[in-house]
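Novice:
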């Protein structure tokens, strides 16, 4: 070892020791105080170059004020993080997609100026009031499920809204939604909603979810001729008459309802998925012409005769579990009998 190396080497060791000492000191401090704020860092990118940031499911106590260092964010996913205040987001004016599901957020006021937002998810949060988002005119998707939201009046002016989820909210009236002419998908499952008449003004609606709601009457849907999907699982709906003219329906879920008479849907020839499990259906004759059906669930029903299904050659999946069926011969020529992917159990 020469003289120069002999002089430099101890200095290098000293620097490494200091760096390691600081590292372990920080590790020890973090272990001692797991709630200490953690800076938000991204790989080799500069904060102003980042357009998408996801901290989804991260349990660290992030220093959310750091978000101000990302002025060009377009997408921000804070799903199931410890964020509770949105104050640091108010300057992120380029944001288009914001996901806050399952957080402690309660006040949306700080994002009232983020007018470029097209998607906002606050499902499972403490949000209960929507006046702060009345100015977010570009919103196309809004998810409010499992919140205490009761009043949807602030949504009346969101004319670009296409997808709205109100599942398990406190909403009892959807009157303010009657003018949302671009609404395509609406979910009100698990609500105390009983009046669907505002939907009569939305003939463009494609998909409607009413599962486990208090809805009993489908009459307001009679003119929704664009409807392609309807689910009314575990409701008290038993009259399918209003569905007679909904010729675009391709999937229908009526499981766990008191439905008995299938004649109103006999002409819905575009149906390819039909769930009648745990209903009171006994006569399958109305299904005989639904030759596009490829998925049919009849489990838990009192049916005894499969003859009407004999010509449904497109069936790929059929569930007969929990029925009194003993004769499978009407289906003997159908490929589902030998299809290993079919859940076929009488």
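In my numbering, the protein residues as written are 505 to 850. For glycine and all other residues, C-beta sits at the position ideal for the given N, C-alpha and C.
Just mark residue 713 as buried or exposed, buried being the case when its beta carbon has 16 or more other beta carbons within 10 Å.
Specialist: Within the chain shown, numbered from 1, the residue matching residue 713 stands at position 209. With a 10 Å radius around the Cβ and a threshold of 16 neighbouring Cβ atoms, residue 713 comes out buried.
Novice: Evaluate residue 836 with the Cβ neighbour count: other Cβ atoms within 10 Å of its Cβ, from every protein chain shown; 16 or more gives buried, anything less gives exposed.
Specialist: Here the question's residue 836 lines up with position 332 in the chain shown. It is exposed - the Cβ of residue 836 has fewer than 16 other Cβ atoms within 10 Å.
Novice: If you measure between the beta carbons of residue 787 and residue 823, is that distance less than 8 Å?
Specialist: Position 283 of the chain shown, counted from the start, is the residue given in the question as residue 787. Position 319 of the chain shown, counted from the start, is the residue given in the question as residue 823. Going by C-beta atoms, residue 787 is not nearer than 8 Å to residue 823.
Novice: Per the DSSP calculation, residue 601 is bridged to which residue(s)?
Specialist: Residue mapping note: residue 601 aligns to position 97 of the chain shown, counting from 1. 579, 623, per the DSSP bridge assignment.
Novice: Can you give me the Cβ contacts of residue 799 inside the same chain, cut-off strictly under 6 Å, excluding the 5 residues immediately before and after it?
Specialist: Taking the chain shown and counting its residues from 1, the one referred to as residue 799 is at position 295. Cβ within range, chain order: 777, 821.
Novice: Taking the straight line between their C-alpha atoms, what separation do you get for residue 710 and residue 690?
Specialist: The count along the chain shown starts at 1 and reaches residue 710 at position 206. The count along the chain shown starts at 1 and reaches residue 690 at position 186. Each residue's alpha carbon lies about 9 Å from the other.
Novice: Can you find a C-beta in chain D that's less than 8 Å from the C-beta of residue 686?
Specialist: Given the protein chain composition of this structure (a single chain), no chain D is represented.
Novice: Whole-angstrom Cβ separation of residue 629 and residue 643, contact assumed at under 8 Å?
Specialist: If you number the chain shown from 1, residue 629 lands on position 125. If you number the chain shown from 1, residue 643 lands on position 139. Contact doesn't hold; Cβ gap of about 16 Å is too wide.
Novice: Kindly list the residues whose CB is nearer than 8 Å to the CB of residue 618, restricted to its own chain and excluding five residues on each side of it in sequence; keep chain order.
Specialist: Along the chain shown, one-based indexing puts residue 618 at 114. If we look at residue 618 and ignore the five residues flanking it on each side, its Cβ neighbours are 593, 594, 596, 597, 599, 602, 640.
Novice: I need the straight-line Cα distance from residue 585 to residue 572, nearest angstrom please.
Specialist: One-based indexing of the chain shown puts residue 585 at position 81. One-based indexing of the chain shown puts residue 572 at position 68. Their Cα atoms are separated by approximately 17 Å.
Novice: Should residue 559 and residue 582 be called a contact, given that it needs their Cβ atoms to be closer than 8 Å?
Specialist: For the purposes of this step, residue 559 is taken as the residue at position 55 of the chain shown. For the purposes of this step, residue 582 is taken as the residue at position 78 of the chain shown. Yes, they are a contact pair.
Novice: Between which two residues does the beta strand (DSSP E) carrying residue 733 extend?
Specialist: As a working note, residue 733 is residue 229 in the chain shown. Annotation for residue 733: the continuous beta strand (DSSP E) segment containing it runs 733–735.
Novice: Where does residue 646 fall in DSSP's three states?
Specialist: Numbered from its first residue, the chain shown carries residue 646 at position 142. Reduced to three states, the DSSP call for residue 646 is strand.
Novice: Taking just the CA atoms, how far does residue 740 sit from residue 679?
Specialist: For this step, residue 679 is matched to residue 175 along the chain shown. For this step, residue 740 is matched to residue 236 along the chain shown. Across the structure, residue 679 and residue 740 are spaced so that their CA atoms are roughly 22 Å apart.
Novice: Between residue 578 and the rest of its own chain, which residues show a CB-CB distance below 8 Å, the 5 nearest in sequence each way excluded?
Specialist: Within the chain shown, the letter at position 74 stands for residue 578. Hits under 8 Å: 555, 556, 598, 599, 600, 601.
Novice: CB residue 651 to CB residue 632, shorter than 8 Å?
Specialist: Mapped onto the chain shown, residue 651 falls at position 147. Mapped onto the chain shown, residue 632 falls at position 128. For residue 651 and residue 632, yes; Cβs fall inside 8 Å.
Novice: Which runs of the beta strand (DSSP E) fall wholly inside the segment 676–760 and span at least 3 residues, in chain order?
Specialist: 689–691, 711–713, 733–735, 755–757
Novice: To the nearest angstrom, how far is the alpha carbon of residue 472 from that of residue 664?
Specialist: A question about residue 472 goes unanswered here, because the residues of the chain that appear run from 505 up to 850.
Novice: Check whether the segment 604–613 touches the segment 654–663, taking contact to mean three or more Cβ pairs, one atom from each stretch, closer than 8 Å.
Specialist: no
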